[in-house]
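Reading through the structure tokens given below for one structure.
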Amino acid sequence: MKKGLTHYGDDGFSLYIRKAFIKAMGYTDDALSRPIIGIANTYSGYNACHATIPQIVEAVKRGVMLAGGLPIEFPTISLHESFAFPTSMFLRNLMSMDTEEMIKAQPMDAVVLVGGCDKTVPALLMGAASANVPAIVEVTGPMLTGTHHGERIGACTDCRRFWAKYRGGEIDADEVEELTNQLVPTAGTCGVMGTASTMALMTEAMGMMLPGGAAIPATYADRPRQAEQTGARAVAMAAENLSPDQVMTPAAIRNALRVLHAIGGSTNAIIHTTAIAGRLGIPVDLQEFDALGRDIPVLVDLKPSGRYYMEDLYRAGGLAPILRRLADHLELDALTVTGRTLGEEIEGMAAEYPQDVVRPLDDPIHPGGGIAVLTGNLAPDGAIIKQAAAAPELLVHEGRALVFSSMADLAARIDAPDLDVAADDILVMQNAGPLGAPGMPESGYLPIPRKLAEQGVKDMIRLSDARMSGTAFGSIILHVAPEAAAGGPLALVRTGDRIRLDVPNRRLDLLIDDDELAARRAAWMPPAPHQGAERGYLNLFLESVTQAPEGCDFDFLKAR
Ligand code: FES
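Written out as structure tokens, the structure reads:
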């Protein structure tokens, strides 16, 4: 209770008045003498991924009290992917600031971070890293699958697959309406290897979650049981003063990135991990990330790269079989929130049993790294491609660029019957990055032009400075940096230019000569300012956001 007293100019008075107010919540002196465990509660009526949080918080509280602590929950911003205009990424840093400042402003000896949907776990970890109070994560867990006309389905890879069918004229609007009853059949996070699942598994791998917690479905009884244990562990962490900087070390961050490759995880996780690590002064280099993946195959057979769903991964043992297979690649002395090392946790994991969701090392889904990092004159600071989810025949490809200058331009023209486009063209979208969109939305999954979709074209190379949902799939190049709105070479591409992609050699090049590129650069004009950019959070965002290779964090939030 004495931590971070409000400044009234008299600390004795500050403590006295604080006690008076907290006692109005019904606490006794005995309760107030216990270690205080804050619980960051990200429940919101808009957020189905967090619908079970009241039950989880109750279980965390039970665990805290069983261990002799006093749980006190507090609200933070809640972000759901479909309820965040203009995009949840625009608000991730705001949520991280809220989390950091509320942890620092209120007295707590440790904090349990309860989140789940894509941006919430990164934001909670970013805030907790900066606050550096002992912290442990409890995720809400994945949703279960539904059925549609006898077919097993789940958000959100199947959302996109059925929408592509609708665009191609294979299903009608009535069936689309019917699908909305089954694509998200329960509370919980998206049930495929999207960003939420990826970040949950990486959080467990980096040691910020109790072992076994990442894959438990939201609606299973195991979930509140795990939450209870998390609450109890938080009390012990408070006594040990086991702070985030002791757990999220460079080795732990590298372990998480290795797991990202092995699970065929979301491309968004690179940006989030870079931002989390940046809060602790740990640089994440894209080339190092690519090198980490060269000898780590994709092992997990989950959509969008594979066949299964998160509930299947849970039945297959969750992260345990993945860590066991990767053990030779991991830095096993990394400390976890249990106070034991990752190596000790792997040794203590339940014995292996037959399953086919996590493949053996010698029979992977993809032989080397889920995500490849590209560079070249089109992306001097890097770009990425989720090679495990791309058409193999397109990984080396040269084609004609068809350029859209913005998301609005794309929406206006992509379905035009007279669009001059062929299946071997490369679709290019500009001005959808952190500054350009703004907020770097998940618009990098450019739709196949309707006239090609109707001819049965399912994939083609698409390229932008935007992000893509982890639930999406295809031959899609993302996070091109510097972005077009910052004057990157992407801004200089014109329809008809030739572009060459060579994933095995990690190259992305615009095939025009340097003089022509220089002439275009000299003539380049930045896009018009965004409406409302002169004030408020948008102003702060545009003044402070960094590019994708730096995690899109605000420059002033990174560790100095
Ligand atoms: Fe929340 Fe997918 S929308 S995890």
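Our numbering numbers the first residue of the sequence shown as 1477 and each following residue consecutively.
We treat Cβ as the ideally placed atom computed from N, Cα and C, and that holds for glycine.
Only a predicted model underlies this, so the values are computations on that prediction, with no experimental measurement involved.
Three-state class that DSSP yields for residue i in the structure shown
{"i": "E1959", "result": "coil"}
{"i": "T1814", "result": "coil"}
{"i": "D1935", "result": "coil"}
{"i": "A2009", "result": "coil"}
{"i": "T1575", "result": "helix"}
{"i": "G1852", "result": "strand"}
{"i": "L2068", "result": "A query on residue 2068 cannot be resolved here, the shown segment of the chain reaching from 1477 to 2036 and no further."}
{"i": "T1665", "result": "strand"}
{"i": "D1505", "result": "helix"}
{"i": "H1526", "result": "helix"}
{"i": "H1444", "result": "Given that the chain is displayed from residue 1477 to residue 2036, the structure contains no residue 1444 and the question cannot be resolved."}
{"i": "N1517", "result": "strand"}
{"i": "H1805", "result": "helix"}
{"i": "V1588", "result": "strand"}
{"i": "F2017", "result": "helix"}
{"i": "E1828", "result": "coil"}
{"i": "L1977", "result": "strand"}
{"i": "R1982", "result": "coil"}
{"i": "G1897", "result": "The identity of residue 1897 in the sequence shown is Val, whereas the question assumes Gly. Reduced to three states, the DSSP call for V1897 is coil."}
{"i": "A1643", "result": "Correcting the residue type first, residue 1643 is Arg in the shown sequence and not Ala. R1643: helix per DSSP, three-state reduction."}
{"i": "D1857", "result": "strand"}
{"i": "G1544", "result": "coil"}
{"i": "E2055", "result": "Because the chain here runs from 1477 to 2036, residue 2055 falls outside it and cannot be looked at."}
{"i": "G1769", "result": "helix"}
Beta-carbon proximity of residue i to residue j, cut-off 9 Å
{"i": "P1868", "j": "P1562", "result": "no"}
{"i": "T2051", "j": "G1946", "result": "Nothing about residue 2051 can be read from this structure; the chain reaches only from 1477 to 2036."}
{"i": "A1738", "j": "I1772", "result": "yes"}
{"i": "V2041", "j": "I1746", "result": "Nothing about residue 2041 can be reported from this structure: the residues present for the chain run from 1477 to 2036 only."}
{"i": "G1793", "j": "Y1829", "result": "yes"}
{"i": "A1929", "j": "S1919", "result": "no"}
{"i": "I2075", "j": "R1709", "result": "Given that the chain is displayed from residue 1477 to residue 2036, the structure contains no residue 2075 and the question cannot be resolved."}
{"i": "P1700", "j": "A1535", "result": "yes"}
{"i": "G1741", "j": "P1547", "result": "no"}
{"i": "L1795", "j": "R1835", "result": "no"}
{"i": "T1750", "j": "P2025", "result": "yes"}
{"i": "D1809", "j": "G1824", "result": "no"}
{"i": "I2102", "j": "L1850", "result": "Since the first residue shown for the chain is 1477 and the last is 2036, residue 2102 is missing from the structure and cannot be characterised."}
{"i": "A1865", "j": "S1940", "result": "no"}
{"i": "V1668", "j": "Y1790", "result": "no"}
{"i": "G1754", "j": "A2035", "result": "yes"}
{"i": "A1961", "j": "P1925", "result": "no"}
{"i": "V1933", "j": "A1884", "result": "no"}
{"i": "V1956", "j": "G1964", "result": "yes"}
{"i": "L1977", "j": "H1873", "result": "yes"}
{"i": "A1827", "j": "R1982", "result": "no"}
{"i": "G1603", "j": "T1552", "result": "yes"}
{"i": "L1491", "j": "K1499", "result": "no"}
{"i": "L1954", "j": "K1862", "result": "yes"}
{"i": "T1695", "j": "G1664", "result": "yes"}
Sequence-distant residues of the same chain with beta carbon closer than 6 Å to residue i, five excluded per side
{"i": "L1768", "result": "L1733 and R1734"}
{"i": "L1903", "result": "L1878, L1922 and R1938"}
{"i": "C1635", "result": "L1659"}
{"i": "D1487", "result": "L1481"}
{"i": "E1549", "result": "I1515, N1517 and V1533"}
{"i": "A1715", "result": "none"}
{"i": "I1601", "result": "Note on identity: in this sequence residue 1601 is Leu, with Ile being the wrong assignment. Excluding residues within five positions, the ones whose Cβ falls inside 6 Å are I1752."}
{"i": "P1843", "result": "P1773"}
{"i": "V1897", "result": "L1878 and P1925"}
Contacting residues, own chain, Cβ-Cβ under 8 Å from residue i (five flanking each side not counted)
{"i": "H1556", "result": "S1520, Y1522, N1523, A1524, C1525, H1526, S1564 and C1593"}
{"i": "L1968", "result": "L1986, L1993, R1996, R1997 and W2000"}
{"i": "H2006", "result": "P1914, L2014 and L2018"}
{"i": "G1972", "result": "R1876 and A1877"}
{"i": "L2016", "result": "F2030"}
{"i": "I1890", "result": "F1880, L1922, P1923, P1925 and R1926"}
Close-in-space but distant-in-sequence residues of the same chain around residue i (CB under 7 Å, 5 per side omitted)
{"i": "R1730", "result": "L1768 and E1807"}
{"i": "A1605", "result": "P1720, M1724, I1752, R1755 and L1756"}
{"i": "S2020", "result": "F2030, D2031 and F2032"}
{"i": "F1765", "result": "L1733, I1746 and V1849"}
{"i": "Q1763", "result": "V1849"}
{"i": "Q1531", "result": "P1700"}
Closer than 8 Å: residue i CB and nearest the ligand PLP heavy atom
{"i": "T1706", "result": "The model depicted lacks the ligand PLP and carries the ligand FES instead."}
Review point. Which residues have their C-beta within less than 5 Å of a heavy atom of the ligand FES, listed in chain order?
Key: C1525, E1557, C1593, T1665, C1666 and A1672
Exercise for review: Please determine if the segment 1681-1696 and the segment 1651-1660 are in contact, where contact requires at least 3 C-beta pairs separated by less than 8 Å.
Suggested key: no
**Study point:** contact_flag[the segment 1642-1652, the segment 1587-1596] where n(CB pairs < 8 Å) is 3 or more
**Key:** no
**Study point:** the segment 1719-1726 / the segment 1750-1759 touching (three or more Cβ pairs under 8 Å)
**Key:** yes
Practice item. Pair every Cβ in the segment 1610-1627 with every Cβ in the segment 1661-1673, then say whether three or more of these pairs are closer than 8 Å. Key: yes
Check your understanding: Looking at C-beta atoms only, is the number of pairs between the segment 1500-1510 and the segment 1567-1574 that lie closer than 8 Å three or more?
Key -> no
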